[in-house]
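Have a look at the structure below before the remarks.
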Amino acid sequence: MQKNAGLKQPGHTQQPLRLYAVIMILLTAGYLVMELAFNASLLDVAGQGASPDEVDHVETFGRCISAVAVILALFGTLLKNWFRGRTSTMGLIFKTGIMAAIVFPMIFFGEQILIDSLAKQSNGVQRRNAYWMALMGKSLLNGEIDLDGVTIGTGENRRPEGKAFVALLPFWGSTIKDVCQKAGQVMPFVAKKTAVRAIGQPENFYKKVYLASLQQIHDLYNNKYVPGSNAYARTVAGASKQADRAWNEYKEALIINGGYTPNNIPWLLRSKVRRMVQKRGVPVPKNWHPADRGTFRRVVANQVKEKAKVYFNQGVRRALGKKASLAPGLSWPLFIKSAAIRRVWHDKTHIPETVALADNFVFAEFQQKVYWPTVEILAKQIEKQLHDATEQFETSGTNEQRGKDAYRAVIVPPIALGFSMLGGIVHLAKLLNYLLMLAIPPCRKNMRLALVVGTLLVLLLAPMATSNAITSSRLVTNLKAGTASPLHKLRGTGLVWIVKAQTIFYPMNSSIRDYFLGGYDFRA
Amino acid sequence: MMDTRILIKFAPAIFGLLLAGCTTMQTYLDKQDQALYGVLPVNAQTVQTWTIGQADVNLEKTYLTQKYRITSKFLKNPATLYLDTIEKKERFNLSEQTVLVLHGRYGAEGLPACEVISFGKRYMQTLLPAQNEHGKHLTFRPSANGQNLIGAFEPATSNDSFFVSTLYSHHWPLKFASLNREDRNLYLPKPSPGPVIDEPKNSMPVKRIAAQPASTPEKTKKKSPPAVSTATSNIKILAPAPKLDLPTSATVVSQKTGSENKPVLRLD
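Protein sequences, first through last, are from chains A and B.
If you read the first sequence in my numbering, its first letter stands for residue 1, the second for the next number, and so on.
If you read the second sequence in my numbering, its first letter stands for residue 1, the second for the next number, and so on.
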């Protein structure tokens, strides 16, 4: 309170403002290190063929950093008020807590909501184009196809503008009106490559899918089926003995209950005896004669066999699924060829049922008979999905979710990169502002603001004055020229700006990441 | 008095009606019998009589009912063949020229079976070598028409003896018939030589197991199927499958994609 009381004195206003500036410089610089390093990692991830999951994971960091950026901006105002004595210390802590509790989820989920709502509002054409371009972009990133009219480099050696362009190309390409026709020629090739990526390379697929699944089925046979089948066989084989035992017990029961034998039961007692037998769990027919050993034994034996069969079938269903059915006593060759096992095997491996599986494929044979036929079938499926009508990508269409996912995947990189770069530039300007607060007296506030705004404009506009191999390429030039509406022109300009700005910022961001964060790539 | 007179007056008519009814019933039963069990592919003249105990019995029309009773009116010595209980054993003597045929119906529930035990202990090992002292279960096989079941024992000596101890069937009655050795070829497929059994120490002649129909060779391998239905009892005890041994090292076989050069995507 003593300190705050002093701050309110006019003669002491310069000192607290300097302190405020120093605190904000430190906070903003800390934030900038994170933001710029993240920006470099985001470009690496989006521009070097990372999976959608990796992009999504890195983007989660991005949304946290964006939320921190907004919290930091608002905290500056609260801190300034505290230095000016307008807020108590408890008030500052309370307000900061409330503000952070509101702002963080708002920004963190806001970006996600923005992306989801854009995906939801997209139409069938956009989703279908996005699906096409997502596959094209993946093949392009993996160097499986070349892009006419521009050289983007390959892999790790790709330059920043190349990375930015590759990250943005799926979105940019999806805005081209007849992209499906233009990409139609390379689509079969891309579909096949996509299928290969989906199931993995042949050797990997052979070892990790085919051999692993075969081993699982082999274990299933030895550990579950064989014991189950043998238990069943022994029970069935012993059915005759059980029937004899039951008959003997029946005879003993007759002797105990009146000294009868099956052949001397009085006519009047026969139905009573029959009921007694039925109550003892032997469902003999209504016309059964108490001396009819054959029927008695048959009923008992059938009962034993049926129970054994039920237990066996229950075991089969537990191991293979509710609808599975398998005969007992199958040798390994018959077991592996049975319909139920084939179904399970195909389900495990995701190999189409039209591709025949066997337990003796060596690698070369496996490739010829299983791997490449599977790739062909998957590629045809992908091609079919790609050539599905636009209506199928609309809401309630068969490809709705696939289209939405593709659209989300193509808009995430430009949005994430755009927000990250804007956040970085704005906070660079803020950092300049705080630095100028130390250098320029408060009475020259307008001059400080003019310098900050000027710097901000320079940072925003300077990239547009530059040129690089990507932005001056025939493809980018034609793409820009091909957009007619102002909105499309603005979008094109924004994408070009990101590509140009990354040429300038990426080296700096990458250095900051390496120097301050030890090369942390935000993927962990 | 009046009633008695009327009764006497109409007695021949009543007797005639009863006789006609019985004849019709007998004809009907015979037809039913034929429908149930088929007609033996040998005629009555080839069926030989054979001795059971002290009496000659023509077994052509001998039936076993569900109660294990022989009820045929043609049975001359029911006391000998009376199978009152399944435990009671009766002796059948077969001559060298005859075979014993049990004639039953093949049912979905399973096959009838007949437990036949050689009469004298010294024959037991030679006649039924694979079995223990208590004999052997024999499963009868479908006949050529697919409806009947037949099984046969082929005695090798003139004084071979058997007795039937237990009969199982899901369809009764069963029919016994003794056939001439030559004529049984009409009934049974030509016999194949049975397994030769080591001659016993008392140097009795070597016996052969009865010839089995060639049409069901897989059944001949089973020496002692259980009396109860064998439909599911032939499930083997399985051994674990041998360890998988597929080589994992390999050369990748590339598949031509139709284009050796990278395809080029044109977007402008």
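Backbone N, C-alpha and C fix where the C-beta goes; we use that ideal spot for every residue, glycine too.
Cα-Cα separation, residue i to residue j
i               : j               : result
T46 of chain B  : T24 of chain B  : Model confidence at T46 of chain B stands at a pLDDT of 31, short of 50, so the residue's coordinates are unreliable and nothing is read from them.
F15 of chain B  : K9 of chain B   : 11 Å
I351 of chain A : R197 of chain A : 14 Å
R5 of chain B   : A11 of chain B  : 10 Å
L214 of chain A : I382 of chain A : 27 Å
W172 of chain A : N81 of chain A  : 45 Å
A553 of chain A : L254 of chain A : Because residue 553 of chain A is not part of the residues shown, which for chain A are 1 to 524, the question remains open.
Y82 of chain B  : S325 of chain A : The predicted model places Y82 of chain B with a pLDDT of 28, which falls under 50 and marks its position as unreliable, so this point remains unresolved.
E115 of chain B : K279 of chain A : For E115 of chain B, the predicted structure reports a pLDDT of 36, less than 50, and the residue's modelled location is therefore unreliable. A value from the coordinates is still provided. When rounded, the distance between both Cα atoms is 31 Å.
R402 of chain A : R408 of chain A : 10 Å
E365 of chain A : V375 of chain A : 15 Å
V355 of chain A : R159 of chain A : 43 Å
R18 of chain A  : P507 of chain A : 32 Å
K192 of chain A : Q385 of chain A : 13 Å
G200 of chain A : Q216 of chain A : 20 Å
V209 of chain A : I498 of chain A : 42 Å
I65 of chain A  : H387 of chain A : 40 Å
Q392 of chain A : I411 of chain A : 21 Å
M24 of chain A  : M437 of chain A : 11 Å
T349 of chain A : G228 of chain A : 25 Å
A119 of chain A : E400 of chain A : 10 Å
N287 of chain A : W267 of chain A : 13 Å
V125 of chain A : L168 of chain A : 18 Å
N202 of chain B : L330 of chain A : No answer about N202 of chain B holds up, because its pLDDT of 32 lies below 50 and its placement is not dependable.
K380 of chain A : V370 of chain A : 15 Å
A469 of chain A : F165 of chain A : 11 Å
S467 of chain A : D268 of chain B : 20 Å
T85 of chain B  : Q26 of chain B  : Here the model assigns T85 of chain B a pLDDT of 26, short of 50, so the residue's position is not dependable and the matter cannot be decided.
G492 of chain A : S510 of chain A : 26 Å
L526 of chain A : T390 of chain A : Any property of residue 526 of chain A remains undetermined from this structure, which presents chain A solely from 1 to 524.
Residue i - partner residues in DSSP beta bridges
i               : result
V264 of chain B : A:D146
Limits of the unbroken alpha helix (DSSP H) element including residue i
i               : result
C180 of chain A : V179 to A183
F108 of chain A : T89 to Q121
N446 of chain A : K445 to A465
P414 of chain A : E400 to A439
F189 of chain A : M187 to I199
E306 of chain A : R293 to L320
E394 of chain A : Segment: none, E394 of chain A is in no alpha helix (DSSP H) and carries neither H nor E.
V226 of chain A : V226 to A237
V125 of chain A : G124 to L141
S511 of chain A : P486 to F516
T338 of chain A : Looking at the sequence shown, residue 338 of chain A is not Thr but Ser. No alpha helix (DSSP H) holds S338 of chain A; DSSP gives it neither H nor E.
A163 of chain A : Reading the sequence as shown, one finds Lys at residue 163 of chain A and not Ala. Segment P160 to S174, the alpha helix (DSSP H) holding K163 of chain A.
F366 of chain A : F363 to F366
K384 of chain A : W372 to L386
V273 of chain A : R270 to K279
H289 of chain A : From DSSP, H289 of chain A is part of no alpha helix (DSSP H); its letter is neither H nor E.
H591 of chain A : There is no way to answer for residue 591 of chain A, as the model of chain A reaches only from 1 to 524.
Proximal chain D residues relative to residue i, where beta-carbon distance stays under 8 Å
i               : result
I237 of chain B : Absent from the structure: chain D. Protein chains present are A and B.
Quiz item: Taking one C-beta from the region 26-44 of chain A and one from the region 96-105 of chain A each time, how about it: are there three or more such pairs within less than 8 Å?
Solution: no
Exercise. Taking a Cβ distance cut-off of 8 Å, strictly less, list which residues of the region 456-480 of chain A are near chain B, in chain order.
Key: R474, L475, N478 and L479
Quiz item: Should the region 185-193 of chain A be regarded as contacting the region 67-76 of chain A, the criterion being three or more beta carbon pairs within less than 8 Å?
Solution: no
Quiz prompt | Near-chain B residues of the region 137-149 of chain A (beta-carbon distance less than 9 Å), N- to C-terminal order | solution = For the region 137-149 of chain A, which is checked against every Cβ of chain B, the residues closer than 9 Å are S139, L140, G143, E144, I145, D146, L147, D148 and G149.
Quiz item: Using a Cβ cut-off of 7 Å, which residues of the region 208-224 of chain A contact any Cβ in chain B, in chain order?
Solution: Result list: L211, L214, Q215, H218, Y221 and N222.
Practice problem: May I ask you to verify whether the region 128-138 of chain A touches the region 431-450 of chain A, counting CB pairs closer than 8 Å and requiring at least 3? | Solution: Touching, no, given that fewer than three Cβ pairs across the two stretches are closer than 8 Å.
Quiz prompt | Interface positions of the region 167-185 of chain A facing chain B (Cβ-Cβ less than 8 Å), listed along the chain | solution = Per Cβ criterion, the list reads G173, I176, V179, K182, A183 and Q185.
Quiz prompt | Three CB pairs or more closer than 8 Å across the region 230-245 of chain A and the region 290-310 of chain A | solution = yes
Quiz item: Is there contact here, the region 450-466 of chain A with the region 425-432 of chain A, by at least three beta-carbon pairs under 8 Å?
Solution: With a cut-off of 8 Å, the region 425-432 of chain A and the region 450-466 of chain A count as touching, because enough Cβ pairs lie within range.
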